[in-house]
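Enquirer: Line by line, the protein sequences are chains A and B.
The numbering of the first sequence is my numbering, which starts it at 1 and goes up by one.
The numbering of the second sequence is my numbering, which starts it at 255 and goes up by one.
One structure follows; several queries about it will come next.
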Amino acid sequence: MVAISSENCVMTTALNMQGVNLAYPRERTFITPSSSPSLSPSSSHPSALITLLHDADWSLHSGAQVALCGPSGCGKTSLLNMLAAIEKPTSGTICWDAAELCNMNARQQDAWRRHQLGLVFQQFHLFPYLSALENVLLPTRFIAITPSSAQRERAQMLLARVGVRAHADIALLSRGEQQRVAVARALLTVPRVVLADEPTASLDTDTAQIIAALLRELCREQGSTLIVATHDRDIASGFDAIYDMTHGKIMLRH
Amino acid sequence: MPNPLPLAIAELRRHLVGAIAIVLLIAVAVAFAIAISAGERALREASARAADRFDIIIGAPGSSAQLVLTTVYLQAAAMPLLADDVLPRLQLDKGIEYAAPIAVGDYVGDFPVIGTSRDFVTDGTRIRLAEGRNFAARDEAVIGSNVSLSVDTYFQLTHGNIAAPSIDEHKHGFKFSVVGRLPKSGTAWDNAILVPIEAIWGIHTGASMAQHHDQHSVLDHPATSYKANPATRPATHSATPPPTLGPPWAADEIKGVPAIVVRVKSPADAYRLRAQYQFRSNSIRTDSTQGTEINASSRSSTMAVFPAEVLVEIYAVMGDMRKVMTALSLATQAMVLWAVLLVIVAALSTRRQSIAVLRAMGAPASFIFTLVWLQSFMLIGLGAALGLVFGWCGSIMLVNIFARETGFSITPTITSTEWFLAATVLVTGSVLAMIPSMIAWRQNIAKTLR
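In structure tokens form, the structure reads like this:
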């Protein structure tokens, strides 16, 4: 499938999400339908299920950099989990470059995440007993006994780009520096897709802007499709497009 | 190929104190079993080795175990004396190499003084003295390798124990000169002082006073200048020659022997003598003239034992004890392993999020399984290896305590039995370590990341 951007350039479609439904049992969520206007109980199980996505479609071209916004509890994290093949939708299809995630078994999904996906978490999730360089090189341990020299060079280059010393002690880094290391880790394997779930939520305003800009710049350089979930309007405004999760749909904000 | 090892090591380093505690716990449990196994085997081998030179031991009827303990291991105890006719009768048997009386009960300091014969000292011709020569007179002695006396010095022996300085030696004591030293045997006999049995008989009956005065030229010389070589011994004042040493011994010369060690010429002779001297005289008749009971048999009651047979019975008791101790140690190890795994499972709860992050980043389930399993394996493996070392050290401590009491020279070794024990712990722990590994592997990523 081919999408045509507003600039009339022909680009390949990276993400093609169609008819996705996501519903949780009420006891699995921390919100009730009345606390969020975007949520409504399922019609078939009005008191048992909370629907986060209802027949949602979404497509993005390769290399797109978009922000995904919505109030807390609207399902941004769940959507990103589905896009990362960490969670399965209740129904529907999710394709990344024609790779149908829902048709993959667990091993195939692991492999897809390993080679095609970079993740940046809100709480960084670095390993404090490893140095900055070892944290960045962590994904290489999933596929090889030792990192190759090319991978080491790339890790050191990324750390230099984000401005953190290779042998820095993670526990001694500031929150902003830790998130920079997390960004470098996410980009080590040159993933096709980078997903960031509230990467700046625990940072101050200035640092948040720096991190967001860094993420956009590095992803643009390597042509990765970037989706950042955020509730910060200032951060969102720096992206090519802003999508809102509302009423079970993903809507482009004009 | 995935490599979780650096991550596993880094995580263990992060919790170093806890990891060391777990390793030590496993090591102590393994060491307990190893020490028991290696120590018991070393003791058994050393005790069997000590009994090698004793073909048959003959004593008065009683406890065969005590007879062996006293004669072979010099564990002194009150023992009934053999009748005076036994030793002369044995001397006439053509199937023996020698029959040596063994009299225990006297001491010089902590060193037991054993009255015996020249044949026993050199075990026929099997033992070559490390220093000096065998005793040739009643006032000469041969000492074991650990005895803190020197050749060409003398010591005084009184009946019982240490010679008190105030004792009038001319009335109660008997001086011996050390003429030779035995080579190290690794048995209790390394601590022994061997003197002629005739001297012991003399001391215990007071008949030594006559010999004592015959040898006064020996006693006149101070210890530092006295030479033990009979060739240089000053001439005695008496014209009578010094008493000779047996064998043979006349019946009236023998003043009671608790045990006789017999070296036989062949195994057939051994079994024959054992059967012959395993005899209890219980045939009684009444003397019609005196109205008293007399023993109808002309032979005295005796007990003849193969030390090896008695040791087998003693080992059977030790073996039962060892089984109990082994069962206890295995139960301890099982409990320790189980406790360690519970700790690992509990610790997993603190690592759930980091494991979920790894899975989200694309770590295969096998990576997570291997990561958690490797950490458990390293702790258990290191504990088992340390346990082997600690167990060997523990067995050395155990046998040293025993050796101090018995004079044994014992060196415990780690054999396949101990390796098997440690390997069993490692294998069992490795299998049980799959439980927390599977728990970690199967956790839900999305749920954990929230």
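Don't be surprised by glycine CBs; every beta carbon is placed ideally from N, CA and C.
Could you work out which residues of chain B lie near A/Ala-241, taking near to mean beta carbons separated by less than 7 Å?
Expert: As a first step, residue 241 of chain A is located in the first sequence; it is residue number 241 there, counting from the start. Residues of chain B passing the Cβ test: none, with the nearest at roughly 25 Å.
Enquirer: Going by beta carbon distance, what residues of the same chain come within less than 6 Å of B/Gly-661, once the five residues before and after it are set aside?
Expert: The residue you call residue 661 of chain B lines up with position 407 of the second sequence. Cβ neighbours of B/Gly-661 beyond the five flanking positions: Ala-442, Asp-444, Asn-445.
Enquirer: Would you call the segment 72–87 of chain A in contact with the segment 153–160 of chain A, where contact means no fewer than 3 C-beta pairs closer than 8 Å?
Expert: Cβ pair count under 8 Å is below three, so no.
Enquirer: With a CB to CB cut of under 6 Å and the five nearest residues on each side skipped, what residues in its chain are close to B/Leu-344?
Expert: Walking along the second sequence from the start, residue 344 of chain B turns up at place 90. Here the set comprises Ala-353.
Enquirer: Given a cut-off of 8 Å on the beta-carbon distance, is the pair B/Leu-527 and B/Ala-305 in contact?
Expert: Indexing the second sequence from 1 puts residue 527 of chain B at position 273. Indexing the second sequence from 1 puts residue 305 of chain B at position 51. No, Cβ-Cβ distance for B/Leu-527 and B/Ala-305 is not below 8 Å.
Enquirer: Return the Cβ separation of B/Ser-431 and B/Ala-395 in integer angstroms, given the expectation that the two are a contact with Cβ distance under 8 Å.
Expert: Walking along the second sequence from the start, residue 431 of chain B turns up at place 177. Walking along the second sequence from the start, residue 395 of chain B turns up at place 141. Right, their Cβ atoms sit about 7 Å apart.
Enquirer: Using a C-beta cutoff of 8 Å, does B/Gly-641 count as contacting chain A?
Expert: Taking the first residue of the second sequence as position 1, residue 641 of chain B is located at position 387. Closer than 8 Å: no.
Enquirer: What residues in its chain sit with their C-beta under 6 Å from that of B/Phe-365, if we drop five residues either side in the sequence?
Expert: By one-based count along the second sequence, residue 365 of chain B stands at place 111. Val-401, Asn-445, Ile-447.
Enquirer: Tell whether a beta-carbon distance below 8 Å holds between B/Ala-617 and B/Ile-699.
Expert: Counting from 1 along the second sequence, the entry for residue 617 of chain B is found at position 363. Counting from 1 along the second sequence, the entry for residue 699 of chain B is found at position 445. Not in contact: B/Ala-617 and B/Ile-699 (Cβ atoms no closer than 8 Å).
Enquirer: Give a yes or no on whether the C-beta atoms belonging to B/Leu-602 and B/Ile-689 are separated by under 8 Å.
Expert: The count along the second sequence starts at 1 and reaches residue 602 of chain B at position 348. The count along the second sequence starts at 1 and reaches residue 689 of chain B at position 435. For B/Leu-602 and B/Ile-689, no; Cβs fall outside 8 Å.
Enquirer: Taking contact to mean at least 3 C-beta pairs separated by less than 8 Å, is the segment 282–291 of chain B in contact with the segment 580–587 of chain B?
Expert: Verdict: yes, contact present.
Enquirer: Exposed or buried, B/Ile-548, counting other C-beta atoms within 10 Å across all chains shown (16 or more means buried)?
Expert: As a working note, residue 548 of chain B is residue 294 in the second sequence. A caution first: B/Ile-548 carries a pLDDT of 46, below 50, which makes its placement in the model too unreliable to give a value.
Enquirer: Do the CB positions of B/Leu-591 and B/Val-653 come within less than 8 Å of each other?
Expert: For the purposes of this step, residue 591 of chain B is taken as residue 337 along the second sequence, with counting starting at 1. For the purposes of this step, residue 653 of chain B is taken as residue 399 along the second sequence, with counting starting at 1. Taking 8 Å as the Cβ cut-off, B/Leu-591 and B/Val-653 do not qualify as a contacting pair.
Enquirer: Helix, strand or coil: which one does DSSP assign to B/Ser-404?
Expert: For this step, residue 404 of chain B is matched to residue 150 along the second sequence. In this structure, B/Ser-404 counts as coil in the three-state DSSP scheme.
Enquirer: Find the residues of chain B that neighbour A/Asn-81, judging by a C-beta separation of less than 7 Å, and give them in chain order.
Expert: The residue given as residue 81 of chain A occupies position 81 in the first sequence. Those within 7 Å of A/Asn-81 in chain B are Ala-700.
Enquirer: So is B/Thr-556 buried or exposed if we call it buried at 16+ other beta carbons inside 10 Å?
Expert: Residue 556 of chain B sits at position 302 when you count from the first residue of the second sequence. Buried is the call here.
Enquirer: Measuring only between beta-carbons, confirm whether B/Leu-270 sits less than 8 Å from chain A.
Expert: The residue you call residue 270 of chain B lines up with position 16 of the second sequence. Not one chain A Cβ lies under 8 Å of B/Leu-270.
Enquirer: Check whether the Cβ of A/Asp-234 lies closer than 8 Å to any Cβ atom in chain B.
Expert: On the first sequence, residue 234 of chain A is found 234 positions in, with the first residue counted as 1. No, no contact with chain B.
Enquirer: Determine the burial state of A/Phe-30: buried for a count of at least 16 other Cβ atoms within 10 Å of its Cβ, exposed for fewer.
Expert: Residue numbering aside, residue 30 of chain A sits at position 30 when the first sequence is read from its first letter. With a pLDDT of 47 at A/Phe-30, under the threshold of 50, the predicted position of this residue should be treated as unreliable, though the coordinate-derived value follows. Result: exposed.
Enquirer: Please classify B/Cys-647: does DSSP put it in a helix, a strand, or coil?
Expert: In the second sequence, the residue the question calls residue 647 of chain B occupies position 393. Note: B/Cys-647 maps to helix in three-state DSSP.
Enquirer: Just the C-alpha distance for A/Asp-234 and A/Leu-226, rounded to the nearest angstrom, thanks.
Expert: Mapped onto the first sequence, residue 234 of chain A falls at position 234. Mapped onto the first sequence, residue 226 of chain A falls at position 226. If I take the Cα positions, the gap works out to 17 Å.
Enquirer: Residue ranges of each alpha helix (DSSP H) run of no fewer than 4 residues wholly in the segment 300–345 of chain B, ordered along the chain?
Expert: Counting whole runs of 4 or more residues, the segment 300–345 of chain B contains the alpha helix (DSSP H) stretches 318–327, 340–345.
Enquirer: Which bits of chain B does A/Ile-143 rub up against, with CB to CB less than 7 Å?
Expert: Numbered from its first residue, the first sequence carries residue 143 of chain A at position 143. Chain B residues near A/Ile-143: Pro-256.
Enquirer: When the Cα of B/Leu-633 is compared with those of B/Leu-261, B/Pro-256, B/Tyr-408, B/Leu-279, which residue comes out closest?
Expert: As a first step, residue 633 of chain B is located in the second sequence; it is residue number 379 there, counting from the start. Of B/Leu-261, B/Pro-256, B/Tyr-408, B/Leu-279, the residue nearest in Cα terms is B/Leu-279.
Enquirer: Of the residues that make up the segment 117–131 of chain A, which ones have a beta carbon closer than 8 Å to any beta carbon in chain B?
Expert: From the segment 117–131 of chain A, only Leu-117, Leu-119, Phe-121, His-125, Phe-127, Pro-128, Tyr-129, Leu-130 have a Cβ closer than 8 Å to chain B.
Enquirer: Let me confirm a value: A/Trp-58 is counted as buried when at least 16 other C-beta atoms fall within 10 Å, else exposed. Which label applies?
Expert: Taking the first sequence and counting its residues from 1, one reaches residue 58 of chain A at position 58. With 16 or more Cβ atoms within 10 Å of its Cβ, A/Trp-58 is classed as buried.
Enquirer: Got a sec: does the ligand MG put a non-hydrogen atom nearer than 7 Å to the Cβ of B/Val-594?
Expert: This structure simply doesn't include the ligand MG, nor any ligand for that matter.
Enquirer: Can you pull the chain A residues whose beta carbon is under 8 Å from the beta carbon of B/Phe-621, in chain order?
Expert: Within the second sequence, numbered from 1, the residue matching residue 621 of chain B stands at position 367. Under the 8 Å cutoff, chain A gives Arg-141, Phe-142.
Enquirer: When you compare only the Cα positions, how much space is there between A/Leu-119 and A/Ala-186?
Expert: Here the question's residue 119 of chain A lines up with position 119 in the first sequence. Here the question's residue 186 of chain A lines up with position 186 in the first sequence. Taking the straight line joining both Cα atoms gives about 5 Å.
Enquirer: Can you name the residues of chain B whose CB is closer than 8 Å to the CB of A/Asp-110?
Expert: On the first sequence, position 110 is the one that residue 110 of chain A refers to. The answer, in chain order, is Arg-613, Gly-616, Ala-617, Pro-618, Ala-619.
Enquirer: Thinking B/Val-559 and B/Leu-321 are a contact (beta carbons under 8 Å), I'd like their distance in whole angstroms, please.
Expert: Here residue 559 of chain B refers to the residue found at position 305 of the second sequence. Here residue 321 of chain B refers to the residue found at position 67 of the second sequence. Their Cβ separation, rounded to whole angstroms, is 6 Å, which keeps B/Val-559 and B/Leu-321 in contact under 8 Å.
Enquirer: Specify, as a first and last residue, the run of the beta strand (DSSP E) that A/Asp-244 falls within.
Expert: What you label residue 244 of chain A is simply residue 244 of the first sequence in a count that begins at 1. Segment 241–246, the beta strand (DSSP E) holding A/Asp-244.
Enquirer: Can you check whether the C-beta of A/Thr-32 is within less than 8 Å of a C-beta belonging to chain B?
Expert: Here residue 32 of chain A refers to the residue found at position 32 of the first sequence. At A/Thr-32, the pLDDT of 44 sits below 50, so the modelled position is not reliable; the number obtained from the coordinates is stated separately. So, not an interface residue.
Enquirer: Note down the Cα distance separating B/Met-572 from B/Pro-521, rounded to an integer number of angstroms.
Expert: Start at 1 with the first residue of the second sequence, and residue 572 of chain B comes out as number 318. Start at 1 with the first residue of the second sequence, and residue 521 of chain B comes out as number 267. Answer to the nearest angstrom: the Cα atoms are 28 Å apart.
Enquirer: Do B/Leu-703 and B/Ala-610 have their beta-carbon atoms positioned less than 8 Å apart in this structure?
Expert: Counted from its first residue, the second sequence places residue 610 of chain B at position 356. Counted from its first residue, the second sequence places residue 703 of chain B at position 449. Yes. Within cutoff.
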